[in-house]
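Q:
Numbering (my numbering), first residue to last: 26 to 1012.
#1: Which value, in whole angstroms, describes the spacing of the CA atoms of residue 743 and residue 855?
#2: Buried or exposed for residue 26, please, with buried defined as at least 16 other CB atoms from any protein chain shown within 10 angstroms of its CB.
#3: If I measure Cβ to Cβ from residue 91 and keep anything under 8 Å in the same chain, skipping five residues before and after, which residues do I get?
#4: Any idea which residues DSSP pairs residue 399 with across the strands?
#5: Comparing C-alpha positions only, which one of 125, 141 and 124 sits nearest to residue 132?
#6: Please report the distance separating the alpha-carbon of residue 445 from that of residue 519.
#7: I need the straight-line Cα distance from residue 796 to residue 821, nearest angstrom please.
#8: In terms of residue numbering, what span does the alpha helix (DSSP H) encompassing residue 299 cover?
#9: Helix, strand or coil: which one does DSSP assign to residue 999?
#10: How many Å lie between residue 35 and residue 62 at the Cα?
#11: Compare the Cα-Cα distances from residue 228 to each of 236, 872, 214 and 235 and report the closest residue.
#12: Over the uninterrupted beta strand (DSSP E) stretch that includes residue 788, give me the two end residues.
#13: From which residue to which residue does the alpha helix (DSSP H) around residue 232 run?
#14: Considering only the alpha carbon of each residue, which of 192, 390, 362 and 391 lies closest to residue 1015?
#15: My assumption, with CB atoms under 8 Å, is that residue 674 sits in contact with residue 717. Please give the rounded CB distance.
#16: Quick check on this structure: which residue in 394, 676, 366 and 72 has the alpha carbon closest to the alpha carbon of residue 347?
#17: Let me know the secondary structure DSSP gives residue 540 once reduced to three states.
#18: Between the Cα of residue 780 and those of 54, 769, 818 and 723, spot the shortest distance and give me the residue it belongs to.
#19: Give me whichever residues DSSP pairs with residue 56 in a beta bridge.
#20: Under 7 Å Cβ to Cβ from residue 593, same chain only, skipping five residues before and after it: list those, please.
#21: The beta strand (DSSP E) with residue 386 in it runs from where to where?
#22: Going along the chain, which residues of its own chain have a beta-carbon closer than 7 Å to the beta-carbon of residue 101, five neighbours each way excluded?
#23: Going by DSSP in three states, residue 246 sits in which element: helix, strand or coil?
#24: Applying the 10 Å Cβ sphere with the 16-neighbour rule, what's the burial state of residue 20?
#25: Can you tell me which of the three DSSP states residue 200 falls into?
#26: Can you give me the start and stop residues for the alpha helix (DSSP H) that residue 425 sits inside?
#27: Can you give the Cα-Cα distance for residue 623 and residue 730, rounded to whole angstroms?
#28: Quick check on the burial criterion: 16 or more other C-beta atoms within 10 angstroms. Buried or exposed for residue 1000?
#29: Can you list, in chain order, the residues of its chain with a C-beta nearer than 7 Å to that of residue 388? Leave out the 5 residues immediately preceding and following it.
#30: Look at the alpha carbon of residue 575 and the alpha carbon of residue 483, and state the distance between them as a whole number of angstroms.
#31: On the three-state DSSP scale, how would you describe residue 880?
#32: By DSSP's criteria, residue 50 is part of a beta bridge. Which residues make up the other side?
#33: Buried or exposed, going by whether 16 or more other CB atoms sit within 10 Å of the CB of residue 41?
#34: With burial defined as no fewer than 16 other Cβ atoms inside 10 Å of the residue's Cβ, what is the status of residue 392: buried or exposed?
#35: Using 8 Å as the threshold, is the C-beta distance between residue 246 and residue 51 below it?
#36: Leaving out five residues before and five after residue 778 in sequence, what residues of the same chain have Cβ atoms less than 7 Å from its Cβ?
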């Protein structure tokens, strides 16, 4: 029976009831050790297996509503899978996840090939080719080199959980989540954030103040101390033999209270002693259920003392250690081995214990004390994790080392054996260091860079020679960077740098390259914290002529990224350095570097080589061996710099498709961002919203803060187009909320969005102020800042202060001339019509409209028509004005650009012509971005499983979205979708 947990049990019951009807749920239980997290997981398991009646059977009074429907729901049985994090497994990637999903591995065949391969590699079910030793001269990895498998494993976890729930609801219980290895935690959290309608309940229990289990965005339930009445009830329910037995033989002087044979009220001395112990327990336990059950026996034999002198967790560990210390020596040895072994493998524990002189007959005394239990699967488990901690922390050092050594020798060849032997090592050991490096390589290959960093770092400590140790510290720093552990990566890099300076025999390329790799690590940490100036300085200082050109080019690519946020001076310095590199023919970075120079130099006013078609660049890079997705991302973004938006769309669409097929999830937020920009610039606003919404969800799931900021600001701009002021300002504020002193990555787009919002709402002064700062500031070369200039011109002219836009307009004119696109020339002519002499305005407007016809950009074409119509009306040419304004109005209404449609309608009415009624919104307007995306894929003939694989959802979630979309569209099945106008996107 659980005491004082009625609300918590009710929350769990609600989740289980929801899962019984197909809805998924997640809950994180948090609290101090012993507060009852594991007990609630046990309750959830009982309730899931026995139905909601389990709540009534425990006396909680939290049963569900009566009725036949409720009874039918309660009768649905769950499948339950369970695992727990173990502190000493935190460096073994996917250890926790493999334990949780082991019962479902027979369903792997139902997953898509990339997802299946990801989990097979993560769990070591296939040869991952991880035996090769990484050399220090390896190319510096980008931030996502090893993240792809790790992220795909999370989506594969989602798919497998959904598959396991196809036969009925699934309950997943994860205890001690703070000790999960990082790879398992990331996979489970990514899956948790995407659970929707699979019928899966995922319950985590995590301890406060220890380990790390960040669950941003997931519902949490903090467990408070029991109320005094609940604590007293729990304590009263304990057998008094716990106290009586503990005090036997202690003597009167050992009791908590010195009383006579009979108490003042006639109570027996024993009753008085028990009451005194109860009072002490209630005071010291402070409502902690574990303390209430474990302290009575410990306190019964102690002298009373000050309350709260020892922290409660330490007090509990002392209590547990007291129980252990009363066991025979051999039983204590066996428990120490079991605590060190961590997996509960009975065969290994008994073998290792035997090597230390403890036989199988040492197990029963520990079982009889309730310290440890043996499951039906012959797995040993401690009654509470604090027992394991107490045994390990209070054992003498040499005994702990001996236990790890014995466990390692009892294990077969593999990473666990290597780790235990390493934990037992007391000095340098070249063979063991080599084995740890091989473990690190396998960890990295399986998507566990955090574990790889730990293995490399431990290997460095065991390496006899300074050169080898330093090399392994370099690799540890790189792995920590891949894992996103920036503080750790920086500390490792600084340690390695201090050692590099003491290695005179690192001659030739060796030392400069080692320094460059370490500075790259430090720079990456600075960059992701928003410290762009520091990252830029580190990268520029490391990418010298002393290292080979391809390495230097890759570092300069990242320096370009940092400089992009700093200003034209820094950007120019990076490009100059990149242009000076003598890249070998046939190296894949060559075509990328050439394209970047040709695209970026003109935007800062420098002469540049001709910009080649992006298709030629891509073909050349691929022919030279470029990684199709990762190495071409920067090219895709560079196409936007000089307005090659059509090329951006084609390349981004191709790379998105390849990334989906390959499972390159880490690259998708970036690629979908570029795709969304291209869709937006071509006037396909709804398609831009679909792409950006998916990208934002992926960026949040994968903790890519830079792209979270960028995508929120892009969505803010889309909201500004529709006049959704609340959504626009909220998204912009979220985009601007970034780390570090430097502006957030999404700052330029957010400023453009807010400026456009002001302009659309008629607040020309505010728009001009904001856009003038954007187009003339340190980010004036950004894509958004460059393209915001026509908006600044319009705002300044409406204010009667056209001179405020002069400098930005002149720069825009130079850019448009280099870009050489019909649409850039059209916008330039529109600006000239606004700024120039009135006698030339009409010819400029008409020329701009002619150019708009060559490049389908309906929003910009309609804005030019609106401005021309307004000019014609002011010139008293109302008949001519009507046709322009009517055309603009029709386009704005079709695009949902409400502020601009209202303005066009007002102008049209002012000409004396009644404005037509607004169009009735089509059925697609009622769909959410994800519903629209799924409907379009279904209209192309894809099955739910195919759609789920593309969008990284579960098939059941896809079906749920279609079920919601059909009534909105007025159809009954997917076969009718292809007949709906606009469902299949036009290009």
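We put the CB at the ideal spot given by N, CA and C, even for glycine.
A: Inspection of the coordinates gives the following:
#1: 22 Å
#2: exposed
#3: Only weak support is given to the placement of residue 91: the predicted model assigns it a pLDDT of 43, under 50, and the question is left unresolved by the model.
#4: 405
#5: 141
#6: 28 Å
#7: 10 Å
#8: 294-310
#9: helix
#10: 14 Å
#11: 214
#12: Neither: residue 788 is in no beta strand (DSSP E) and is coded neither H nor E.
#13: That residue, residue 232, is in no alpha helix (DSSP H); its beta strand (DSSP E) goes 225-232.
#14: Nothing about residue 1015 can be reported from this structure: the residues present for the chain run from 26 to 1012 only.
#15: 14 Å between Cβ atoms; not a contact.
#16: 394
#17: helix
#18: 818
#19: 232
#20: 629 and 806
#21: Note, residue 386: premise wrong, no beta strand (DSSP E); not H, not E.
#22: 45, 193 and 194
#23: strand
#24: Since the first residue of the chain shown is 26 and the last is 1012, residue 20 is not available in this structure.
#25: strand
#26: 422-435
#27: 29 Å
#28: exposed
#29: 359
#30: 31 Å
#31: coil
#32: 226
#33: buried
#34: exposed
#35: no
#36: 738, 741, 742, 745, 753 and 757
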